[in-house]
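Student: 3 is the number of the first residue of the sequence shown in the numbering used here; add one for each residue after it.
One structure, as structure tokens, below. Some questions next.
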Amino acid sequence: MRVNAFIRTALVVAISGTLVACGGGGGGSGSDSPATTPLKLDPGNYAGSPVAVRQSADFDAASRAYTAALGMQSWLEDVAYLIGEYNAGWNYGEVTPEHCLEENGNLVIRTRFSDTREFVEYRFENCLVAGYGEPLRLSGRYVYDGTFNPAAASTHFEITETIDIRGSLGVEQQPLAIVGTTFAEGTVRDSRNYSFVLSSPALEYLIGDDYLALQEVRIGTSEKGDQYSLDMQSKLISSTMGGYLNLSTPVVIEEREGEPCPDKGHMVVSGDGTVEARYGESSGRGHGLEILLNGSEVEYRDTCYVDFGKIGV
């Protein structure tokens, strides 16, 4: 089972943007339009409740959302590893007819590989993940479908990942669900020369009482030599925050490697209030970092501690 690289990237970029605001280097804008793709989970109608933004300390909840997201991502990676290991015939140990194995008939794996396409599909039917530390039961489907068109100087790729998995976790049978579709498209020339766009209409996680979702995600990034850019928008929804925040970059963030601050850019985080970070020539002083809370400057720095070139790539 593939680890969903897009999910990890989208979460790291979007939520790190919120944490930047928490530390005094991110922002929010009232210009964001609300996401429109319906959610399938959202147990508390969190998508309809903006998070209060009155002071920088209001972003402490975003930090807790980030921690919850890392826990969910760690769970995904653990499950992917175990399923791949057991179905490859490694370290079987004691398994029962309930465990997720092709030979048990409760897991179907379909693959197609060629020079230009990779396709992997997993179908689970009320099965237990062998080797997991506590009872983990899964039902549903995961599909990875990627096309790759290599040329002399570059490779263009398009990847779609679809996941609709439900189940339970632990002896107390906490509800568990991961639902959503993600897309990635880009061109890679080499490790220092690439561009790609990551997007998702909606991506949701639910484990027990912890809920996290991204709606209407679009993250564009590129690197050419020592020049890096980030352009993003997303709605981050979290039970930990008790609602949602919109994240966007009204002005694309551009940074040169080794520089203490982006050359320009404007990052915005908005809920019931806004926090903004304006960098370099986009700031009111034409350099450094300017932080605004609900339209008023609350802090200015000559340099920035955030390295956008390292976020999510």
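C-beta: ideal position from N, C-alpha, C; glycine also.
Run through DSSP, which three-state label would E87 get?
Tutor: Residue mapping note: residue 87 aligns to position 85 of the sequence shown, counting from 1. Of the three classes helix, strand and coil, the one that applies to E87 here is helix, per DSSP.
Student: If distances are taken between C-alpha atoms only, which option among Y48, L238, F121 and G282 comes closest to V254?
Tutor: Your numbering for residue 254 matches position 252 in the sequence shown. Closest option to V254, Cα to Cα, is G282.
Student: State the DSSP-derived secondary structure class of G148, mapped to helix, strand or coil.
Tutor: One-based indexing of the sequence shown puts residue 148 at position 146. Here G148 sits in strand by DSSP.
Student: Between the beta-carbon of G275 and the beta-carbon of V55, is there less than 7 Å?
Tutor: In the sequence shown, residue 275 corresponds to position 273, counting from 1. In the sequence shown, residue 55 corresponds to position 53, counting from 1. Yes, Cβ-Cβ distance for G275 and V55 is below 7 Å.
Student: Taking the alpha carbon of V145 as the point to measure from, which residue in H158, P152, Y134 and R125 has its own alpha carbon closest?
Tutor: By one-based count along the sequence shown, residue 145 stands at place 143. Ranking the options by Cα distance to V145, first place goes to R125.
Student: Take D233 and list the residues in its own chain whose beta-carbon comes closer than 6 Å to its own, dropping the five residues that flank it on each side.
Tutor: Walking along the sequence shown from the start, residue 233 turns up at place 231. These residues qualify, in order along the chain: G222, T251 and V254.
Student: Beta-carbon within less than 6 Å of Q235's beta-carbon, same chain only, minus the 5 sequence neighbours each way: which residues are those?
Tutor: Position 233 of the sequence shown, counted from the start, is the residue given in the question as residue 235. Hits under 6 Å: R220 and S250.
Student: Check D166 in the structure and name its three-state DSSP category.
Tutor: Start at 1 with the first residue of the sequence shown, and residue 166 comes out as number 164. Three-state result, D166: strand.
Student: What beta strand (DSSP E) runs, 3 residues minimum, are completely inside the region 151-228?
Tutor: If we require 3 residues or more, the beta strand (DSSP E) runs fully inside the region 151-228 come out as 157-171, 176-192, 195-209 and 212-226.
Student: In three-state DSSP terms, what is E79?
Tutor: Here residue 79 is taken as the residue at index 77 of the sequence shown, counted from 1. Looking at E79 - three-state DSSP - the assignment turns out to be helix.
Student: Leaving out five residues before and five after Q176 in sequence, what residues of the same chain have Cβ atoms less than 7 Å from its Cβ?
Tutor: Locating residue 176 in the sequence shown gives position 174, counting from the first residue. Answer for Q176: S170, I209 and G210, listed in chain order.
Student: Which whole-angstrom value describes the C-beta separation of K237 and N248, a residue pair presumed to lie in contact below a C-beta threshold of 8 Å?
Tutor: The residue labelled residue 237 in the question sits at position 235 within the sequence shown. The residue labelled residue 248 in the question sits at position 246 within the sequence shown. Their Cβ separation, rounded to whole angstroms, is 5 Å, which keeps K237 and N248 in contact under 8 Å.
Student: So A279 is in the beta strand (DSSP E); what residue range does that whole segment cover?
Tutor: Taking the sequence shown and counting its residues from 1, one reaches residue 279 at position 277. A279 -> beta strand (DSSP E) spans G275 to G282.
Student: Which same chain residues, not among the five before or five after G260, have their C-beta less than 8 Å away from its C-beta?
Tutor: Your numbering for residue 260 matches position 258 in the sequence shown. Excluding positions up to five away in sequence, the list reads D228.
Student: Name the two residues that bound the continuous beta strand (DSSP E) containing P40.
Tutor: Residue mapping note: residue 40 aligns to position 38 of the sequence shown, counting from 1. Where P40 is concerned, there is no enclosing beta strand (DSSP E), given that its DSSP letter is neither H nor E.
Student: Note down, in chain order, each residue of its chain lying with its Cβ closer than 8 Å to the Cβ of E299, except the 5 sequence neighbours on either side.
Tutor: On the sequence shown, residue 299 is found 297 positions in, with the first residue counted as 1. So the qualifying residues of the chain are G286, E292 and I293.
Student: Taking the straight line between their C-alpha atoms, what separation do you get for G107 and G142?
Tutor: Within the sequence shown, residue 107 is the residue found at index 105, counting from 1. Within the sequence shown, residue 142 is the residue found at index 140, counting from 1. Their Cα atoms are separated by approximately 14 Å.
Student: Mind checking whether P318 and Y213 have CB atoms under 7 Å apart?
Tutor: Since the first residue shown for the chain is 3 and the last is 315, residue 318 is missing from the structure and cannot be characterised.
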